[in-house]
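Enquirer: One structure, as structure tokens, below. Some questions next.
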Amino acid sequence: MQSTPSLSSKDMNRIAELENVITKLQEQILMAERKEQALRTAIDIFEAKSKKKPLLDSLNESLREEHEPGWTELLDCRAIDSIKIAKNIAEGHTKTVQEGELMGKRVAVKSASIKGKDVKRCLEDGLHKKDGECYLLANYKVLKEIMVLRQLNHRNIANLLGMCVRSENSSPAITERGVTLVVEIGEPVQLHKLMEMDWPSRVQICIQLAALLEYLAESSMGSIALPDVRDEQFVMIDNTIKLTDVDDIFATEPNCDNSMKCLLDGKETGIKCGSSKKCNGLNAFSNLQRLMAVFFAPLLKEGCPTEKQEEVDAILNKVKNGEMDAGSMEILLQGFLK
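Residue numbers (numbering that gives the first Met the number 0): 0 to 337.
Okay, structure coming up:
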């Protein structure tokens with residue numbers, strides 16, 4: 000992407016980082032027909048200097064093909080324009096999430112956030128001549144989430160219901176937004192509410208999360224890492240916990256450090272540096288450790304029946320020490336419910 004004179008050096012660095020992410024996504028998408036052209040068209044659109052450059056219908060069409068989320072087909076721009084926005088659900092650094100209604104069904108609508116911290120900082124620094132330049136980074140995040148959800152299919156990942164790509168702009172009006180993503184809606188997860196559930200129900204939640212991690216470790220995109228795990232990244236839908244925020248994930252294993260070691264948060268993991276100087280397996284290990292801290296340890300240890308405490312401790316210790324993968328953990332946890 001060519002640099003824009005009015006962009007600050009910090010923004011250019013962030014654009015470069017996002018460009019690297021999209022490049023990696025592009026390499027994976029090239030394996031399927033039509034997806035290469037879809038991403039290339041999207042990148043061309045967002046690189047365009049003219050705010051009013053017409054958008055090719057082929058991008059929306061190629062992304063919608065072969066997907067059946069509950070409606071007969073993926074929602075297109077016209078259908079999304081008909082969504083009635085009810086309220087704001089969440090406001091992040093780059094995105095806003097709103098509750099909407101379409102044909103009597105509640106949905107979650109994601110788009111670039113005008114009030115997000117990143118966009119506000121960009122608008123207030125006085126260096127940008129066009130508002131669209133500040134929305135560029137936020138729209139890239141939404142576009143990336145569309146492309147990721149387009150490739151992932153698991154019961155513990157929120158279903159992609161629709162998408163619309165118009166331009167690099169952003170607007171409070173749903174009919175004028177540059178990039179809009181629609182996913183199934185759920186109740187935002189809060190750990191303290193999960194802790195109020197009985198122990199078997201909490202075990203079931205952990206089983207679902209272990210199944211999700213097993214899928215991410217072997218996904219079609221590669222081994223996917225969740226760099227920042229928080230409870231608000233998940234929702235509950237019909238007693239099923241689902242990952243709903245995927246714009247920060249990546250699907251390449253980290254490089255070994257200068258000492259040919261594989262580290263996580265500065266600590267050795269025991270994972271061997273591969274011949275390609277990649278830490279194969281580090282993404283899966285990292286996911287287990289991060290979910291251990293946020294979900295597995297508190298949900299399994301609190302209120303654990305006395306007769307199962309020793310076995311629970313053994314499972315958690317093996318996971319912590321890298322001696323158990325997500326698939327094995329899932330199987331052992333299922334044994335608690337028999």
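We put the beta carbon where it would ideally sit given N, CA and C, even for glycine. Predicted, not measured: the structure shown is a model, and the values here were computed from it.
What does the Cβ neighbour count give for Ile-330, buried or exposed, with the cut at 16 atoms within 10 Å?
Expert: Burial call: exposed.
Enquirer: Report the three-state DSSP secondary structure of Gly-221 (helix, strand or coil).
Expert: strand
Enquirer: Expressed to the nearest angstrom, what Euclidean distance is found between the alpha-carbon atoms of Glu-252 and Asp-324?
Expert: 16 Å
Enquirer: What residue does the alpha helix (DSSP H) around Ser-200 start on, and which one ends it?
Expert: 198–216
Enquirer: What residue range is occupied by the uninterrupted alpha helix (DSSP H) comprising Asn-286?
Expert: 281–290
Enquirer: Helix, strand or coil, according to DSSP, for Ile-28 in the structure here?
Expert: Low confidence applies here, because Ile-28 scores a pLDDT of 42, under 50, leaving its location unreliable; read the following figure in that light. Ile-28: helix per DSSP, three-state reduction.
Enquirer: Have a look at Gln-207 and Glu-175 and give me their C-alpha separation to the nearest angstrom.
Expert: 38 Å
Enquirer: Closest to Lys-94 by C-alpha separation, out of Thr-179, Leu-225, Met-328 and Glu-100, would be which residue?
Expert: Taking only the C-alpha atoms, the option nearest Lys-94 is Thr-179.
Enquirer: Exposed or buried, which one is Arg-149 when buried takes at least 16 other CB atoms within 10 Å?
Expert: buried
Enquirer: Less than 9 Å between the C-beta atoms of Ala-85 and Gly-115, yes or no?
Expert: no
Enquirer: For Cys-272, which of helix, strand or coil comes out of DSSP?
Expert: Residue state, collapsed to three classes: coil.
Enquirer: Under a three-way DSSP split, which group does Thr-243 fall into?
Expert: coil
Enquirer: Per DSSP, what kind of secondary structure is Leu-263 in: helix, strand or coil?
Expert: Here Leu-263 carries a strand assignment [DSSP, helix/strand/coil].
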